[in-house]
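What follows is a single structure, written as structure tokens, with notes after it.
Protein chains: 2
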Amino acid sequence: MAMLRSRGIQPTPQRLAVAEYVLRATTHPSAEEVWQHVRRRCPTLSRATVYNTLNVLAEKGLIRTQVLKEGTVVFDPRTDRHHHFIDVETGRVYDVPWSAIRVSGKEKLRDFDVQEYQVVLRGRRRRR
Amino acid sequence: MAMLRSRGIQPTPQRLAVAEYVLRATTHPSAEEVWQHVRRRCPTLSRATVYNTLNVLAEKGLIRTQVLKEGTVVFDPRTDRHHHFIDVETGRVYDVPWSAIRVSGKEKLRDFDVQEYQVVLRGRRRRR
DNA sequence: CGCTGATTTGGACATAGTCTAAAAATAGAC
DNA sequence: GTCTATTTTTAGACTATGTCCAAATCAGCG
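Protein sequence lines, in the order shown, are assigned to chains A and B. For the first sequence, my numbering gives the first residue as 1, with consecutive numbering after it. For the second sequence, my numbering gives the first residue as 1001, with consecutive numbering after it.
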């Protein structure tokens, strides 16, 4: 609520419901997944409003969009830098702490002025 | 031609035209872009055949699919490991040599068994 | 040539996402 | 509180990417 207002987003009930869900999400939901979940609490919620709200939240820096799976954009409530691991069997996306991986050499690329980067890892999640 | 045959792909004229284009590509074309280009030489070529052929080439390891842009998969004729740089202004994708960047720490991830990885960099390409 | 299986084609279908116009809700002035 | 202007929401139309399908075509082989 205050979070939305402080970013200049008018906090309507629909926006609050969407924001509450996506900001607490531990998975990396697609817009469709957000819609399916939030709809249960807010049955008149339209798909357009979900897309609209998610895009506004992303513009204002409250969430980030990630292109990791084919066919769909996913939304990530973590806005601090981190890497991603994708389980090749389940397709699930996991966060990897920024500090766990060091990337060197990017400053030396003559042709490219790197503004941001992330490592995308694929494999199997270990069950422990 | 021999390349297709050696992988057990029957070299039809359509497949040859698609393969010739995508294997020589220096950009990272989408299926639609491949279709638009190859169609000029082969006007009856259908969209279905383009998708079909690209998927076969990818299955057989002659090209690789990459999920880097939203909304579409792009195809990459380089099958050796490398990283990618995306120009945030043009959307163009550039290859970054594997040797230019070192990633350390991935072996120490307790929860993940990493099979492959790449660094995705974003920024502005320097004009020199 | 004629048979059989593989390939191509165009269109139908599916899915992700955007756009639009009308209805509804909201904020601000009184 | 009521009125009005503005913003937001809604449902559905529309677009783009990609897959599926049945019919037509082609390739290899006896």
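Backbone N, C-alpha and C fix where the C-beta goes; we use that ideal spot for every residue, glycine too. Note that the structure is predicted; figures quoted are calculated from it, not measured.
Can you check DSSP and say which residues form a bridge with B/G1123?
Here residue 1123 of chain B refers to the residue found at position 123 of the second sequence. Note: B/G1123 sits in a beta bridge opposite A/V114 and B/D1087.
Cβ-based neighbour list, A/T79, same chain, cut-off 8 Å, excluding 5 preceding and 5 following
If you number the first sequence from 1, residue 79 of chain A lands on position 79. So the list reads G61, L62, I63 and R64, once near-sequence residues are dropped.
CB-CB under 7 Å to A/V93, same chain, minus the five flanking residues each way: which ones, in chain order?
What you label residue 93 of chain A is simply residue 93 of the first sequence in a count that begins at 1. Contacts found: H28, L68, V74, H84 and I86.
As a quick exercise: from B/S1099, B/T1026 and B/V1034, pick the residue whose alpha carbon is nearest that of B/L1016.
Numbered from 1 along the second sequence, position 16 holds the residue referred to as residue 1016 of chain B. That would be B/V1034, whose Cα lies nearest to the Cα of B/L1016.
Of the residues A/M1, A/R122, A/D111 and A/R124, the one placed nearest B/L1121, counting alpha carbons only:
For this step, residue 1121 of chain B is matched to residue 121 along the second sequence. Of A/M1, A/R122, A/D111 and A/R124, the smallest CA-CA separation from B/L1121 is found for A/D111.
Could you check whether the Cβ of A/G123 sits closer than 8 Å to any Cβ belonging to chain B?
If you number the first sequence from 1, residue 123 of chain A lands on position 123. Yes, A/G123 lies at the interface with chain B (some Cβ there is under 8 Å from its Cβ).
Does the beta-carbon distance from B/V1088 to B/G1123 come in below 8 Å?
Here residue 1088 of chain B refers to the residue found at position 88 when the second sequence is read from its first residue. Here residue 1123 of chain B refers to the residue found at position 123 when the second sequence is read from its first residue. In this structure, B/G1123 lies closer than 8 Å to B/V1088 by Cβ.
Between B/L1023 and B/P1077, how many whole angstroms is the CB-CB distance? I'm expecting something under 8 Å.
Indexing the second sequence from 1 puts residue 1023 of chain B at position 23. Indexing the second sequence from 1 puts residue 1077 of chain B at position 77. Yes, B/L1023 and B/P1077 are in contact; Cβ-Cβ is about 5 Å, under 8 Å.
Indicate whether at least one CB of chain A lies closer than 8 Å to the CB of B/V1093.
Along the second sequence, read from residue 1 onward, the residue named residue 1093 of chain B stands at position 93. Output row for B/V1093: interface = no.
Helix, strand or coil for A/K60? Go by DSSP, reduced to three states.
Position 60 of the first sequence holds residue 60 of chain A. In this structure, A/K60 counts as coil in the three-state DSSP scheme.
For a quick check, are the C-beta atoms of A/V119 and A/I101 less than 8 Å apart?
Translated into the one-based positions of the first sequence, residue 119 of chain A becomes position 119. Translated into the one-based positions of the first sequence, residue 101 of chain A becomes position 101. Their beta carbons are under 8 Å apart, which means A/V119 touches A/I101 by this criterion.
Using a C-beta to C-beta distance shorter than 8 Å, which residues of chain A count as neighbours of B/E1116?
For the purposes of this step, residue 1116 of chain B is identified with residue 116 of the second sequence, where counting begins at 1. Neighbours of B/E1116 on chain A, chain order: L121, R122 and G123.
Tell me where the beta strand (DSSP E) around B/R1005 begins and ends.
For the purposes of this step, residue 1005 of chain B is identified with residue 5 of the second sequence, where counting begins at 1. That residue, B/R1005, is in no beta strand (DSSP E); its alpha helix (DSSP H) goes A1002 to S1006.
How would you write the range of the beta strand (DSSP E) that A/P97 sits in, first residue to last?
In the first sequence, the residue the question calls residue 97 of chain A occupies position 97. Per DSSP, the unbroken beta strand (DSSP E) holding A/P97 starts and ends at V93 to P97.
Where does A/A19 land, buried or exposed, given buried means 16+ other C-beta within 10 angstroms?
Within the first sequence, numbered from 1, the residue matching residue 19 of chain A stands at position 19. By the C-beta density criterion, A/A19 is buried, having at least 16 other C-beta atoms within 10 angstroms.
Determine the direct distance from the alpha carbon of A/R81 to that of A/R47, and round the result to whole angstroms.
As a first step, residue 47 of chain A is located in the first sequence; it is residue number 47 there, counting from the start. As a first step, residue 81 of chain A is located in the first sequence; it is residue number 81 there, counting from the start. Approximately 29 Å between the Cα atoms of the pair.
Exposed or buried, what is A/A2 when buried is set at 16 or more other beta-carbons lying within 10 Å of its beta-carbon?
Counted from its first residue, the first sequence places residue 2 of chain A at position 2. Its Cβ having fewer than 16 others within 10 Å, A/A2 is exposed.
I'd like to know if B/V1034 contacts chain A, where contact means its C-beta is closer than 8 Å to some C-beta of that chain.
In the second sequence, counting from the first residue as 1, residue 1034 of chain B sits at position 34. No, B/V1034 lies away from the interface with chain A (no Cβ there is under 8 Å from its Cβ).
Please confirm whether A/L45 and A/Q66 have their CB atoms less than 8 Å apart.
Locating residue 45 of chain A in the first sequence gives position 45, where the first residue counts as 1. Locating residue 66 of chain A in the first sequence gives position 66, where the first residue counts as 1. Cβ distance not < 8 Å, so A/L45 and A/Q66 don't count as in contact.
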